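**Student:** Mind looking over this structure? Questions follow.
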């Protein structure tokens, strides 16, 4: 009934553990044995090893020292554990930067960085690539077949950009290839006749910079960001090739959350397994339900990058992240709940940065399994061990997938385009917020969702929601048309289909081309409101605020579901529905608050009978399913709740059978299996 | 009865149109003909052409291509329109910057800019000047006598400064000339004995910089700003000389609003016609009346730069400016109203940036006559056409002047001095705000005002208001004395006459020298308050808030009109009136809120029988007159109002006669002519 | 009964006067004589001369001109006054920077500054040191025995850092010495295995920089700050050696307030006399009592740097400081009060920046004795003269010390460490605020306090309070243990004893090592709250807010004095008291508001019978004593108050005897002597 694809056939268990830096404790190796004892106590079975160990592994150029790695990997294996073996490229040794200054990045002022920080090296530099290749191949040769090693953990949180001459030259070559050597095509794509910016030679191309053109040439900004993503991906591929020289193990890298500048929709293809680092702000004044749905959004985004396959939660914190604006501790229960949330969304791991707090450095106060006190008698350690105990009972969940009838399009190129855009409002346009408001409405109902990029395949979904799809290349315009014509339910909003892939506005009115038929309307002008402005929409007699954006649209074939109550467009349509082919398209012409999205999507998913994990959920509670009959109910309230069930389940933690209803304590989690 | 001086005798019509960039549409020249059709529909008769066309006109060094300009200018002329022909110096071609890097600016960190943006070139660079001269002379030769061309539009929105070695050398030469080669004079003027800053050689002079002396030598900052203004003006003169080589047409450049760093009181003398770009924030939470009076302030400022002569509204937006913090659309009616406001204040044009929205580039979402949809069936296009229709009925207004009995001194050198000043409060001192509060009180009453710089001729005004005239060179001190002695009504405020032209404090007590006699008082000490502090002044029993500043002044001959109610200076005079010679001087020793200025100036203008456009105006309504009996009544309310008239008028839009009262719709405008 | 140590035996009077820059008035030397007349009228007897006079004294390299100094010093002496003679190193002449660019600082971007500002020179530069040596020795030779000169005033407000190659090399040498040439020790101290940052050669060491490692290596940041402090101190010692070449006079430099980046606990040893520049924000919305206690905190901090010896108030303003965010004037009375506050805390001077307002330059609006008006008929001048008259009656106070039973540890290295720390909250941790809340509670009670650094001798105090002593090197841990064991009362708070001197976390649990026994508890985890979070502590039935920080601590031997009311640690101890040896230790596990500290310290000082200046004080009033029976009562209220006395006193200003009670006017001060 359900396909099972464990990521690691030879170790088909939920992975529990984290980043482990024993090289920081070389002076007191007795701690290494204590680590093994504590690993057993906490139920930790997996460690990411070797991240940032380059200076230890290659203390001087060409001199290698694998002694500590040999020892540690063996200790872990003997302790029943497994290893994700990292390449050390996340931070370069000082000798490397000193001898080859070209490996350090140059900023957009043309000033070269000094040694420091991490990911402060040029992904283009041939010397850096060569040095990485050498150490990676050494690791591959030595550990590529070690039974303890499950996977290659490439570098750490790739990010950033470099403006050095090598990168600038590579960018020019990349553009030449993208535009087939046709400078006129580039000039058209960037609309360079504006401000007399026509290129007459490829050598004139420079990356965006605060001392040249910054956001003034949007097409250039978009291409530069694409180049940075592709150059980073190319570097990742080079790292992967090196570790695979003597090894067949899969590769991953730990991705980050929605704020990152790299487009993971491109990076994902260079990886075998998707893993990411989750650091939500629990217990903030915004409330845990909002933060839980944002985290769920991320889980669903990373999971959907490799359809049908579990992902890994590679990093998280058992207590607080030191770099949070406020390092508030997780309240009792929240740790297990947040780990299980990842599992509920399709992760086969719950791992931490970090195993043991270092004594010094930037992250010495980052949460960890083992605190500076060194022993297991802390509140947090006990909760970690309890989490480990539960995970150890979930072998049957390992490898199961998550099926979703609904997809939400969250597209990094659109975020780039909107944030680069001079218009609407100064600065950020609220793209991610808007997407997450739509998502939250589905999360509240316990609906499984895939979060996808605009180029993904829509055909497998019953409903596709694409908020603020401002940029829609012709291929995406066509895909939406095809999807809807073939029976899909497509939900778009104001600004949909305004520009193509180089930020050139479509002529002939919004939304672009055939989308006017799909939505059955023409959007004449976009109004933007001040925070102080008040207006509402009327949807079947209920009022909701209209905030920030309103698209004055005129229906051709569309039906008007809601209207505006005030201002010069009072009475104008605010929500439109259009039958198109075998499907339907909705156009939400405004932004509102969470209440609106909750009500709108409850009605919409009712109408189209979208599957929910449970028929009804209390406030602050969500539920998700994994294939095979696994149900996860998550209580983000600080009080206990009772949740009605739709049949009999076995509680996988207690082994008890639950019927009709299930009680969850404060920050409680229930992992159930359909009987 | 009324002198009429049309700017363009050969085309004595109100100008309507805008920036037109057909070179962006070279690939689809059918759009050029469509533009002509839409021009006729919208009543547009004037286009600024060639702005930012350098790369098109000179695609490589010394190779010129005027084909598109030839075509476009002819098309416009055949369509009945006229052209402002621009010099292309606002943005340089890439080949120019690539071949001659010296043309790019250097910032105050000593880092040279890369190619990018606009006005990013050095106004000192001989090479840049030479290249501009060549292209300008070519334009002059080819189009200088073309019947379609009305005027030269020099460059676009000159601004900014450069710290390159050439500019630094020019600055030193400029100083040597200003101080007659006398380094001791410079040392005295900058008070360099403070912090051991004495110059012993001219070569030691460097411009203000965050890595050297920034605001620490105020006299240097002022001279640097003067130099930048003069160097920019010199560049403008050079541009003008080149276009006049084969042409007698007048020159203008489009100036900007109050925020700009260039002192237009100097620039204006290099121009034949004043034009400016107006981008108010309509419909913001502050309210339209405030924004209307700020815009009116600007109109009156630019008009007064060339006494007796109309100015031009060169740019404005029919919908919203893409770079506004919030791009809120103009509500129905506001477009015509705002265009007519310019006419009311003495403009003979209402022009737009831009004729047609480009597909790409920074400003693709800036308001335009023709939207991306391409046709005329938009709300905005209809309002533009309606505006065009009204303008076409105003031929008799063309060339008429505006007479004002009141002048308000708004002086850029004072703004520089106050914003540079370390004292009072950190950062900006609110100079422009203060001036605009005084102005608003006059605007509410429908009083024509000239906004002038401190060196302007006061003698023609019945009343001169000079808020915060902190810097008053001896010549200005003398001018105030002379003006008042001869019967003028002079209104000053706290801080008046504190420093001379290099920011040296006058000795002997404030206000400077004879001004103590003019105002009949001595200002002992300036108190500055926190926003949380509360105090009031009592004026004939009515209370007004005292905020931010209070000058503790002691009357000699002055009469105390109002007193302070609280704090250690309770009972102290707050408003002083002094008879001096045949005139009167007022000293407002504090800052207050708008209510105070409204009441104060209503009483003052009543007392001195200052002429109002109409005896009484509703809230949110203003009225202005142009010579020849033209009356403009402007309703900035979102509701209709009835305005009482002082006699019979003909409504120039409808041809009807109006008596006693006139009703204006929401954002309505009435253009009347005395019968 | 009381030891008296006048700083200047040959001039045993309270010093009154200020910074005097006659070189700014060379062109009008008649002003110099007017200055002498005004000095007599204002009761000013002491002037700091020669600050920033280098360009005047050495107009070109090697050419010296002491004429103006000769004249001025003689004039002052003949007028009955004395001189603090400054070295001119605070700002270099332009010729020096022009000829030797190496003397200008380099910022952390690697960009060298231009000439400008002050203290913009490299303290490492051999050339700068040599030039300073030459001019200082000249001054020493010429004036070192002049009877008018009391002291050397070295430079002015030393501050800042330089990243030039010379400084970088010096930093490496300094580190080599500090770590005995042992790079492994450095690697351990900085925990460089984190992020692969191991040094393999000393040449790899670079200072912290935004383009390298900034706060990412906390140990490096701390050592860099130590180096900057020591390099500055070394420069000061070199200056001192030069002026002492022909002179035995004491040296000082004017230190600044708590915001400065230099650790004065090191600098103080290079000085004979401590002096500082006080610029409180009087009459701000926060209220004068708070600001008065902050200023008192500073006075007590600077006084305690040289135990048993008066300090000097070197600068203050009679009206307002021009660089204040809001330059609000001192209200009547406040000037005398604030001068006397300094005397009350142990100063033997009340001096001003500046004697006469300059006509130009950055500080022309800084408060001064003589305003631009030039005469003595101002409110402020009269208050200064009144202050001078009172000071002239206080000869018997000169040289008396201040005895304190309580010390408060305010430690700059801890402030550095906390502000560098990534954790708790982003940015500043509120260390100074926390210290000043504890201090204010003592100030309200009229308790004399010494503010000391963590390495100071605790043994002479009855009570030592060390808020947020996050960093406690082993020697400090031992000192606390010894102090408490020997009978001291030690008060610590959350975070005490977390790290050692290079920011390495102590292992084995907080507080470090034996401190767990001293406090009788173990602090398991530090929670950090949002501003919106609400929680309280219950102390004997009274509730106080718990804000920002809470340390979840478990008592071993400690007694719980207060508990938390809410959240998962409800019921947990919040204040702990532990008997240790002959003493007691208190642990305040949370931050609260001022009310809590007031109540807590009132009870604590009652319990331990700490001496107060008077038994009871009204709100907004404080009182302090100097040895010999001098009592200063200070009223920071804008209304008069009556203060109960504990016996009979003579009012030193009026000569009257006061008994039982003393009435003080608004901002009134009473200087009393026990009969």
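Protein chains in written order, with our numbering: chain A, 132 to 806; chain B, 132 to 806; chain C, 132 to 806.
Here a beta-carbon is modelled for each residue, glycine too, at the ideal position from N, C-alpha and C.
A quick note: this is a predicted structure, and the numbers were derived from the prediction, not measured.
Threshold first: 3 residues or longer. Then list the beta strand (DSSP E) segments lying entirely within the segment 678-726 of chain C, N to C.
**Tutor:** 678-686, 690-695, 704-711 and 714-719
**Student:** Is any beta-carbon of chain A found at less than 9 Å from that of residue 288/B?
**Tutor:** Along the second chain, read from residue 1 onward, the residue named residue 288/B stands at position 157. No, because no Cβ of chain A sits closer than 9 Å to the Cβ of residue 288/B.
**Student:** Contact criterion: CB-CB distance below 9 Å. Does residue 132/C meet it with respect to chain A?
**Tutor:** Here residue 132/C is taken as the residue at index 1 of the third chain, counted from 1. Residue confidence for residue 132/C is low, a pLDDT of 44 falling below 50, so the modelled location carries little weight; the figure read from the coordinates is stated next. It does not; no Cβ of chain A falls within 9 Å.
**Student:** Grab me the residues of residue 617/B's own chain with a C-beta within less than 8 Å of its C-beta, minus the 5 sequence neighbours each way, in chain order.
**Tutor:** To locate residue 617/B, count along the second chain from 1; it is residue 486. Once the five neighbours on either side are set aside, the close Cβ partners of residue 617/B are 590, 712, 713 and 714.
**Student:** Taking the alpha carbon of residue 150/B as the reference point, which residue from 342/B, 295/B and 448/B has its own alpha carbon closest?
**Tutor:** Here residue 150/B refers to the residue found at position 19 when the second chain is read from its first residue. Of the candidates 342/B, 295/B and 448/B, the one whose C-alpha sits nearest the C-alpha of residue 150/B is 448/B.
**Student:** Check each candidate in 466/B, 398/B, 545/B and 238/B and name the one with the smallest Cα separation from residue 350/B.
**Tutor:** Taking the second chain and counting its residues from 1, one reaches residue 350/B at position 219. Considering only alpha carbons, the answer is 545/B.
**Student:** Enumerate, from N- to C-terminal direction, the unbroken beta strand (DSSP E) stretches of 3 or more residues contained entirely within the segment 722-791 of chain A.
**Tutor:** Runs found: 752-757, 761-766, 772-775 and 780-782.
**Student:** Could you check which residue in 459/A, 395/A and 191/A has the C-alpha nearest to that of residue 664/C?
**Tutor:** As a first step, residue 664/C must be located in the third chain, where it is residue number 533. That would be 459/A, whose Cα lies nearest to the Cα of residue 664/C.
**Student:** Just the chain B side, please: which residues come within less than 7 Å of residue 244/C by C-beta, in chain order?
**Tutor:** As a position in the third chain, residue 244/C is number 113, starting the count at 1. Residues of chain B passing the Cβ test: 342 and 343.
**Student:** Taking 8 Å as the threshold, find out whether the segment 521-531 of chain B comes into contact with the segment 473-484 of chain B through three or more Cβ pairs.
**Tutor:** yes
**Student:** Comparing alpha-carbon positions, which option in 582/B, 200/B, 312/B and 718/B lies nearest residue 275/B?
**Tutor:** Within the second chain, the letter at position 144 stands for residue 275/B. Closest by alpha carbon: 200/B.
**Student:** With DSSP collapsed to three states, give me the class of residue 676/C.
**Tutor:** Start at 1 with the first residue of the third chain, and residue 676/C comes out as number 545. Strand, per DSSP.
**Student:** Give the DSSP-derived three-state secondary structure of residue 801/C in the structure shown.
**Tutor:** As a first step, residue 801/C must be located in the third chain, where it is residue number 670. Reduced to three states, the DSSP call for residue 801/C is strand.
**Student:** Check the Cβ-Cβ distances between residue 313/A and every residue of chain C, and say whether any is below 9 Å.
**Tutor:** Counting from one through the first chain, the residue named residue 313/A turns up at place 182. No - not a single Cβ of chain C is within 9 Å of the one on residue 313/A.
**Student:** Pull the bridge partners of residue 353/C from the DSSP assignment, please.
**Tutor:** Taking the first residue of the third chain as position 1, residue 353/C is located at position 222. None, per the DSSP bridge assignment.
**Student:** Can you list, in chain order, the residues of its chain whose CB lies under 8 Å from that of residue 509/B, leaving out five sequence neighbours each side?
**Tutor:** Start at 1 with the first residue of the second chain, and residue 509/B comes out as number 378. 502.
**Student:** Which residues in the same chain as residue 425/C place their Cβ atom closer than 6 Å to its Cβ, once the five residues preceding and following it in sequence are excluded?
**Tutor:** Locating residue 425/C in the third chain gives position 294, where the first residue counts as 1. Apart from sequence neighbours up to five positions away, the residues of its chain that approach residue 425/C with a beta-carbon distance below 6 Å are 567, ordered along the chain.
**Student:** Which of the three DSSP states is assigned to residue 520/C in this structure?
**Tutor:** Working through the third chain from its first residue, we reach residue 520/C at position 389. Helix.
**Student:** Can you name the start and end residues of the beta strand (DSSP E) that residue 668/B belongs to?
**Tutor:** Translated into the one-based positions of the second chain, residue 668/B becomes position 537. Looking at the DSSP string, the run of the beta strand (DSSP E) that includes residue 668/B is 667-670.
**Student:** From the beta carbon of residue 824/C, is the nearest beta carbon of chain B less than 9 Å away?
**Tutor:** What is shown of chain C runs 132 to 806, which leaves residue 824/C out entirely.
**Student:** Quick check on residue 620/C: does DSSP put it in helix, strand or coil?
**Tutor:** On the third chain, position 489 is the one that residue 620/C refers to. Residue 620/C falls in the strand class under three-state DSSP.
**Student:** Of all the residues that make up the segment 459-489 of chain C, which are near chain B by a beta-carbon distance shorter than 8 Å?
**Tutor:** Going along the segment 459-489 of chain C in chain order, one finds 459, 460, 462, 463, 488 and 489 with a Cβ nearer than 8 Å to chain B.
**Student:** What's the C-alpha gap between residue 312/A and residue 489/B?
**Tutor:** On the first chain, residue 312/A is found 181 positions in, with the first residue counted as 1. On the second chain, residue 489/B is found 358 positions in, with the first residue counted as 1. Spanning the two alpha carbons is a distance of roughly 25 Å.
**Student:** I want to verify the contact list: residues of chain C whose CB lies under 9 Å from the CB of residue 636/B, in sequence order.
**Tutor:** Mapped onto the second chain, residue 636/B falls at position 505. Those within 9 Å of residue 636/B in chain C are 488, 489, 490, 491, 495, 496 and 503.
**Student:** Can you tell which of 419/B, 797/B, 563/B and 507/B has its C-alpha closest to the C-alpha of residue 77/B?
**Tutor:** Outside the displayed range of chain B (132 to 806) lies residue 77/B, so it cannot be described from this structure.
**Student:** State whether the segment 289-299 of chain B contacts the segment 233-242 of chain B, with contact taken as three or more CB pairs (one from each stretch) at a distance under 8 Å.
**Tutor:** yes
**Student:** Along chain B, in chain order, which residues have C-beta atoms closer than 9 Å to that of residue 179/C?
**Tutor:** In the third chain, counting from the first residue as 1, residue 179/C sits at position 48. Chain B residues near residue 179/C: none, gap ~15 Å exceeds 9 Å.
**Student:** For a cutoff of 9 Å on Cβ pairs, would you count residue 457/B as touching chain A?
**Tutor:** The residue you call residue 457/B lines up with position 326 of the second chain. Judged by the 9 Å Cβ criterion, residue 457/B is in contact with chain A.
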